[in-house]
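One structure is given below, encoded as structure tokens.
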Amino acid sequence: MRKRLTALMMTAALACGSLIACGSDSTTAYASETIYGEVTAVSDTGFTITVGTYENNELTLGEETADITVSDSTTYSMAMAGGGEAPSGDGEAPTKPDDAATEESTEETTEETTEETTDEETTEDTEATEDSSDDTAMTEATVEAGAEAPAAGEAPAGDKPDGEAPSGDKPEGEAPSGDGEAPADSEASAEGEAPSGDGEAPADMGNAQAQISFSDIEVGTQVAVTFDADGNVESVEILGGTQSAMGQPGGNMTSAADITYSALYEYNADETVEGETIASTGTDENAILVTDGEVTVKDSTITRTSDDSTGGDNSSFYGVGATLLTTGGTLTVDNVTIDSDAAGGAGVFAYGDGVAYVSNSTITTQQNTSGGIHVAGGGTLYANDNTIETNGESSAAIRSDRGGGTMVVDGGTYTSNGTGSPAVYCTADITISNATLTATGAEAVCIEGLNSLTLTDCDLTGNIPTSEQNDCDWNIILYQSMSGDSEVGNSTFSMTGGSITAKNGGMFYTTNTESTFVLENVDITYADENDFFLKVTGNANQRGWGTSGENGAQCTFTAINQEMEGDIIWDTISTLDMEMTDGSVLTGAFIDDESAAGNGGDGYANLTIDSSSKWIVTGDSVLTSLTNNGTIVDEDGNTVSIVGADGTVYVEGTSSYTITVSEYAD
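If you want it as structure tokens, here you go:
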């Protein structure tokens, strides 16, 4: 039954640990009730929601808002996907796909920025047109989890994109079985585990309920709030709807073991598809699913159209509803036109043991959670000279998600037009060369957690819109959300040659993570209002990124023959080690901004300038340590004074600007 709230009820105001609205002094109007809503703001004592109704695993928002004040006795939990219990109250539990009754493993809560609710997966059987031979199976099929994975086939002959896959261990966790199943054991990779309230991934999730706390509540989170008999907030259950940074999905938890794939054509042996026109219209259906063997699709047109596909986490994490999906075999796509107009309808998706090669193809997607090329769960994808355009939210042209994987891209044009859709969303190890990468409605790049993006001779453009949910506007962000989509660790952005263009905001922002930047000889074009070149600080936790006052960044930034413009902003709950080498030039100031640092900490900002490099100072600056073997002047060429925090004068300059340091060496 759908939970309905009347305008009269919305005027109630509850005491501490309760819902607070205006127009009534009643404290018991919601006694023993459950209300539903989406979080629009978070404070230290509670959060604000837009109230709605909840039915069939879907939240429909109304126009009323309510302030929720929690207490120490308030408990928190995560709604389980499928056959998990429904929130208390009148909302009904969603039905599991195919009426299965398997246990669920819960995974995440989160942020990426603008994000979405995961609906229960449904599958639609379609009548089969079966083309078969002695060597291959090509059938319409619904593929359920449960069987053992066959060995993966060898990569097909032909040229691969230049560039090596990034080094490093494959993400932990089972790959799906060869028949299209997800792994049966959801006790998997760190990327797949939900972080606990302190930001660390629990050691053992198993099928247990995720450890949820108030810190997991963020803007965009969908909740069921239950009141006790006295009208106090007894419990908060997260229904989903949270999103990772920049529009990437978080939300409801479904384990890989619960995934069922429905495919128009499934291949489990070697096969070539050439000169075909394939149209997929089923709900959450793959047009082509490769579970084993070496399958080549070339000189063909493939469309994916569905008005009732659900998208969400199952699409983002496992490839449910992707146009072409490989989960255990090798898929080669050459000179293929792919058009997708279905939620969750990624162009080409590699999951688990699946390997995909995509070249000389055109991919266009229209709806949400529909990336162009996509890896998750440890999948591998190589792309060469493609033209890709996405138009939905949470639909990066080059996209990865939970469990990560490897992507190597050489050449081509990749454009993301949707809100919350960066050109590259990175929870994997991604290497891109000689490509044009553009986001027209989001930042250029988002990297989360222990993952890396390496760019060589690429042209990268971002255009993030200003949002009240963000502490600042940025073009490239390295961060850690609480979504569980990526393992906690060092985020790495490395770029050599090429160009970066920001249409709005500052350039580089890192928060709530360890991060490494390496920039060499990149041509940079800044926004008209260049807020900063680099910001290394905590954040106000409006998106649930860590704990306020404790969510700084630990950043290493290396500039090699690099020209840089804009301020460097840091705080004392963060650390910054910046090195300028090989003729690098920085025009800007170092600013200690404690606005998101709470009570502060022992953080620092250290700068080293080699003999060939120059700092052109544009304002009074504060550093912890300065090692200068190069040149420090203001914009008029005047020497800048350098003084110690204790009053020691290291350099007496003629500029009006002063650099204050705790340590100095030349």
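Read left to right, the sequence shown gives residues 720 to 1385 (our numbering). Where a beta carbon is used, it is the ideal one built from N, C-alpha and C, also for glycine.
Could you check how far apart the C-beta atoms of residue i and residue j are, in whole angstroms? I think they sit under 8 Å.
i: G1366; j: A1316; result: G1366 to A1316, Cβ: 25 Å. No contact.
i: L1253; j: F1227; result: 5 Å
i: T1244; j: T1215; result: Between T1215 and T1244 the Cβ distance is about 17 Å, and since that is not below 8 Å, they are no contact.
i: L1100; j: V1077; result: 7 Å
i: G1224; j: C1274; result: That belief does not hold up - the Cβ atoms of G1224 and C1274 are roughly 18 Å apart, past 8 Å.
i: V789; j: F946; result: Rounded, the Cβ-Cβ distance is 11 Å, inconsistent with contact.
i: N1240; j: N1280; result: 5 Å
i: S1080; j: N1105; result: 5 Å
i: A1272; j: T1256; result: 7 Å
i: S981; j: E1004; result: 5 Å
i: G938; j: Q1199; result: A small correction: the amino acid at residue 938 is Val; Gly does not occupy that position in the sequence shown. The pair is not a contact, with the Cβ atoms about 17 Å apart (cut-off 8 Å).
Using a Cβ-Cβ cut-off of 6 Å (strictly less than) and excluding sequence neighbours within five positions of residue i, which residues of its own chain qualify?
i: A1384; result: T1346
i: G1030; result: A1062, G1063, N1087, T1088
i: N1357; result: T1373, S1374
i: F766; result: V758, I787, I936
i: N1260; result: S1267
i: T1291; result: A1316, G1319, G1320, G1322
i: A1102; result: V1077, I1092, V1128
i: T747; result: Reliability of the predicted coordinates at T747 is poor, the pLDDT of 44 falling under 50, and no value is obtained from them.
i: T996; result: T1020
i: D1296; result: T1275, N1325
i: E1298; result: T1277, T1327
i: D1286; result: F1251, G1307, A1308, I1310
i: G1157; result: Per the sequence presented here, residue 1157 reads as Thr, with Gly not at that position. Answer for T1157: T1134, A1142, T1180, listed in chain order.
i: I1057; result: I1021, T1042, G1066, I1082
Looking at the structure shown, is residue i part of a helix, part of a strand, or coil, going by DSSP?
i: S1152; result: strand
i: S1381; result: coil
i: D1312; result: coil
i: N1325; result: strand
i: S934; result: helix
i: D786; result: strand
i: D1301; result: coil
i: D1242; result: strand
i: D1058; result: strand
i: D1339; result: coil
i: D977; result: helix
i: N1209; result: strand
i: G939; result: coil
i: E752; result: coil
i: N1347; result: strand
i: M1201; result: coil
i: T1159; result: coil
i: V1067; result: strand
i: A948; result: coil
i: N1357; result: coil
i: D1053; result: strand
Report the rounded CA-to-CA distance for residue i versus residue j, giving the unit in angstroms.
i: R1262; j: I957; result: 15 Å
i: E1386; j: V1055; result: Any answer about residue 1386 is impossible in this case: the structure gives the chain only from 720 up to 1385.
i: E783; j: T759; result: 12 Å
i: N1249; j: G1217; result: 20 Å
i: S1293; j: V1237; result: 18 Å
i: T764; j: T1232; result: 25 Å
i: T794; j: E953; result: 6 Å
i: L1305; j: S1171; result: 25 Å
i: L1342; j: N1270; result: 20 Å
i: D1386; j: S1234; result: There is simply no residue 1386 to check, as the chain begins at 720 and stops at 1385 in what is shown.
i: S1331; j: E1382; result: 21 Å
i: D1060; j: A1154; result: 25 Å
i: W1334; j: Y1369; result: 17 Å
i: D1027; j: T1002; result: 6 Å
i: A1142; j: G1363; result: 44 Å
i: R1023; j: A1095; result: 20 Å
i: A1115; j: V1164; result: 9 Å
i: L1179; j: V944; result: 43 Å
i: T1168; j: T940; result: Note on residue identity: the sequence assigns Gly, not Thr, to residue 1168. Taking the straight line from one Cα to the other gives about 21 Å.
i: D1312; j: V1359; result: 21 Å
i: N1136; j: D1120; result: 19 Å
i: I1378; j: N1258; result: 26 Å
i: T689; j: Y773; result: The question about residue 689 has no answer here: the residues shown for the chain are numbered 720 through 1385.
Short of 8 Å in beta carbon distance, which residues of its chain neighbour residue i, apart from the five on each side in sequence? Order them along the chain.
i: D1018; result: E993, G994, D1053, N1054, V1055
Residues in the same chain with beta-carbon distance under 7 Å from residue i, minus the five sequence neighbours each way, listed in chain order, please.
i: E1354; result: I1335, T1337
Q) At what residue ranges does the stretch 1021–1049 contain a whole run of the alpha helix (DSSP H), taking only runs of 4 or more? A) 1032–1037
**Q.** beta strand (DSSP E) segments (min. 3 residues) lying fully within the stretch 1074–1149
**A.** 1074–1078, 1081–1084, 1092–1095, 1098–1109, 1117–1119, 1124–1135, 1143–1145
Q) In chain order, which continuous runs of the beta strand (DSSP E) of length 3 or greater are located wholly inside the stretch 1161–1191? A) If only complete runs of 3 or more residues are kept, the stretch 1161–1191 shows the beta strand (DSSP E) at 1164–1167, 1171–1175, 1178–1181, in order along the chain.
Q) In the stretch 1222–1293, which residue ranges form an unbroken beta strand (DSSP E) of at least 3 residues, counting only runs that do not cross its ends? A) 1227–1230, 1233–1239, 1242–1244, 1253–1255, 1273–1279, 1282–1284, 1287–1289
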